[in-house]
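For reference, the structure is listed below as structure tokens.
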Amino acid sequence: NAGVTQTPKFQVLKTGQSMTLQCAQDMNHNSMYWYRQDPGMGLRLIYYSASEGTTDKGEVPNGYNVSRLNKREFSLRLESAAPSQTSVYFCASTKTANSPLHFGNGTRLTVT
Amino acid sequence: AQTVTQSQPEMSVQEAETVTLSCTYDTSESDYYLFWYKQPPSRQMILVIRQEAYKQQNATENRFSVNFQKAAKSFSLKISDSQLGDAAMYFCAYKRVGQGAQKLVFGQGTRLTINP
């Protein structure tokens, strides 16, 4: 059971560089999410996709874009990375609005 | 906006003892869900327990139980017979019922250390 798979696991970027974080789930879940985790702040929602074909902003969307490529895949793009985007990024998915979140193992991103 | 507060950045307990982690939240909603997630050093986020606000009975999962005080907006996690594998960051989280997606609001986390 792969569950939620995130790539890469680690990444270092220079300020101004761009990159895309990939996420795929094999559980036929409808909704997918991107959270970021910073020390002392817990996890905060960046963007989510309630169903294939839709995306919405979460609590901290500035500096990010997302694409729900198909039901399985939900990518997060940083167009021009900034040091404030240094964080651990988690992708998650759920079957329904009230079912538990299934998380990937996270991507540690450092922007220098 | 809803907020979740975990006032204990760190806690420690002796193996086999009982420990309680605190969580308070602020909301004007009457129906919602509350969660405790565990994050071990592997970074994986694991759901420990879930409580639905309309249920008065406190949720339990084996050695894990909650004390849900709706009027006080308090949701503490009790871990009985602590084991070394319980060492982790623990996050309390809130979700409003009726939202179209799992837009959880997380607390800041409590790092739990188990002393052998």
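As you go down the protein sequences, you meet chains A and B in turn.
Under the working numbering, the first residue of the first sequence is numbered 12, with each subsequent residue one higher.
Under the working numbering, the first residue of the second sequence is numbered 10, with each subsequent residue one higher.
Note that beta-carbon positions come from the ideal geometry of N, C-alpha and C, so glycine has one too.
From a predicted model like this one, the values you see are computed outputs, not experimental measurements.
Boundaries cannot be given for B/N71, as no beta strand (DSSP E) includes it and DSSP labels it neither H nor E. Using a Cβ distance threshold of 8 Å, A/L120 and A/T97 count as a contacting pair.
DSSP, reduced to helix, strand and coil, places B/L93 within a helical segment of the structure shown. Listed by position along chain A, the residues whose Cβ is nearer than 7 Å to that of B/K112 are L56, Y59, G69. One thing to note: A/G74 has its Cβ within 8 Å of the Cβ of A/L89. Around the CB of A/Y58, 16 or more other CB atoms lie within 10 Å, so the residue is classed as buried.
Chain A has no Cβ within less than 8 Å of the Cβ of B/F77. Collapsing the DSSP output to three states places B/S21 in a strand. With a beta-carbon spacing of about 5 Å, B/Q60 and B/F77 fall inside the 8 Å limit used to define contacts. Annotated as proximal: B/D35 and B/K82, with beta-carbon spacing under 8 Å. Straight-line spacing of the CA atoms in B/P18 and B/W45 works out to 15 Å. In the structure shown, A/S95 adopts helical secondary structure according to DSSP, grouped into three states. B/K87: member of the beta strand (DSSP E) spanning 83-88, first to last residue.
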